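Notes follow the structure.
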Amino acid sequence: NRSFGSIAALVSRDRLAQRLADMAKIGATEKGGVNRQALSREDGLARALLTRWATARGFSVSTDGIGNLYVRREGSDPTLPPVMTGSHLDSQPTGGRYDGVYGVLAGFEVLEALEDAGAVTKHAVEVVAWTNEEGSRFQPYCMGSALFAGKMDLEMVLACTDAKGVSVRDALAETLALAPAMPVRDFGSPAAAYVEAHIEQGPRLEAEGKTIGVVQGIQGSRWFQVEVTGQEAHAGTTPHGARKDAFQTALKMVNALNELMYDPDDVIRCTFGRFEVLPGSPNTVPGKVIFTIDFRHPDAKLVKERGDQVAPLIHSLASPCEVVVKETSTTAPVDFDAGVVDAVREAAEGLGYASRDMPSGANHDAKFMAPRCPTGMIFIPCRDGISHNEVEYASPEHCHAGAAVLAETLARLAG
Ligand code: HGY
Ligand code: MN
Ligand code: MN
Ligand code: MN
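Each residue of the sequence shown is one higher than the one before, starting from 46 at the first, in our numbering.
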């Protein structure tokens, strides 16, 4: 009962740009980015703002045991599962104004366009703001979508603590208190499909002058946390032969891991994002080092085989210190549903946007939705391909284009 493009025509570039600007005020940093870490006060304020916007438009809101925030526009057939979209409101400590937020607000813009059109969809359409996609403050990442998909245990997640020892359980209670009370749903409610819009966080679309990325899937990734324990000692009096120097031991491990992960084709990704040397005093031999490993690759076999060598290699280099290696996340590569991928490509072509098929190097909540229901993603370019950085930027035109493609894709899937 709707012609192609009729919903996209009501997607407003300026309304979306304004909501992105309003949301970016929460946790705004000096350099124009955001620090809105998972289950922080800023995260709670962002959820409260989205909740206010949703109820002002007559959409219903609900949450679940980990604080995922669902904004729902009813369909004509309540027996059908919703078509879902969304992303995350939490950010890196020095994050940008678009990573995650764009997908939540592009989804919200689609709900508004459907409402403005007085459109009747068979399926309800829901926008989700997933809890802790980033995994920066609390590991593992994607706690919200993983629990929704039945891939993590709630008690284990609630017991996770940040570097200061604050638990997810306590942080969640504080965050939820900042938004109005709302109905709580169980995990694992059915979904007819899930489509997530996101900035590319890489340089390809911009380099090729393409507006839309038709995402084929997401590479595999394995995260480790390594704790090396040696013995604090006096820097002036302790012979090197008598030291249990946690830094020197960790350094050997990192050098060996760099060799293990060396890839002349530059496809492997291996990042030591956190590296803490304690106590951090110039004249005390380091007694403890904590470091993280973020290893990724598109090939499932290589992710398994190369990833399985990490812990044994680290243990083989531990002496004279002690070492504990924790694997905090393991996710295999996922391929998105061909039907949804085609729907995204046809929407982009139908609306006249230059597009290209491409993989995702970044993890997304769509990784956990893919085994649950037909899933796909839409990328838009971001300037210089920069993300996880306060200078992250996507133009209003590209934000609008992604939301228009999302609108037509969701309208088609919602019937
Ligand atoms: O780490 C990731 O890939 C995601 O952007 N948080
Ligand atoms: Mn993201
Ligand atoms: Mn991110
Ligand atoms: Mn993500």
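For each residue, glycine too, the CB sits at the ideal point set by N, CA and C. Remember, it's a predicted structure, so these values are computed and weren't measured experimentally.
Where does residue i land, buried or exposed, given buried means 16+ other C-beta within 10 angstroms?
| i | result |
| --- | --- |
| R102 | exposed |
| E157 | buried |
| E442 | exposed |
| M68 | buried |
| D311 | exposed |
| V229 | exposed |
| E75 | exposed |
| D402 | exposed |
| N408 | buried |
| H279 | exposed |
| M414 | buried |
| K70 | exposed |
| R516 | Outside the shown range of the chain (46 to 460) lies residue 516, about which nothing can therefore be said. |
| N132 | Going by the sequence as given, residue 132 is Ser instead of Asn. Counting Cβ neighbours within 10 Å, S132 comes out buried, since at least 16 surround it. |
| A383 | exposed |
| H445 | buried |
| Y307 | exposed |
| D144 | buried |
| R97 | exposed |
Mind checking who residue i pairs with in its DSSP beta bridge?
| i | result |
| --- | --- |
| A174 | L114 and S132 |
| Y239 | M129 and T420 |
| K289 | None, per the DSSP bridge assignment. |
| L223 | None; L223 has no bridge partner. |
| I244 | I425 |
| A73 | V79 |
| I335 | E272 and E321 |
| S105 | R117 |
| R341 | S266 and R314 |
Beta-carbon separation of residue i and residue j under 8 Å?
| i | j | result |
| --- | --- | --- |
| G233 | F193 | yes |
| G110 | E219 | no |
| G189 | A459 | no |
| T373 | Q184 | yes |
| I52 | L159 | yes |
| E179 | Q246 | no |
| E87 | G72 | yes |
| E272 | V369 | yes |
| V172 | V116 | yes |
| L396 | G148 | no |
| I244 | I425 | yes |
My output table needs one value for residue i: the three-state DSSP class, helix, strand or coil.
| i | result |
| --- | --- |
| M197 | coil |
| M414 | helix |
| F465 | It is not possible to answer for residue 465, since the shown part of the chain is limited to 46 through 460. |
| C444 | helix |
| G262 | strand |
| R351 | helix |
| Q137 | coil |
| Q270 | strand |
| L84 | coil |
| E367 | strand |
| D215 | helix |
| E253 | helix |
| E391 | helix |
| R314 | strand |
| T376 | strand |
| L401 | In the sequence as presented, Leu is not what sits at residue 401; that position holds Arg. Strand, per DSSP. |
| V146 | helix |
| H496 | Any question about residue 496 goes unanswered here, given that the chain covers just 46 to 460. |
| V436 | coil |
| A278 | strand |
| T206 | strand |
Under the criterion of a Cβ to heavy atom distance below 7 Å, does residue i qualify as lining ligand 5?
| i | result |
| --- | --- |
| H243 | Within the structure as shown, ligand 5 is missing, the only ligands being ligand 1, ligand 2, ligand 3 and ligand 4. |
*Any heavy atom of ligand 1 within less than 5 Å of residue CB: hits in chain order*: E179, A407 and N408
*Taking 5 Å as the limit, tell me which residues put their C-beta closer than that to any heavy atom of ligand 2, in chain order.*
D144 and G145
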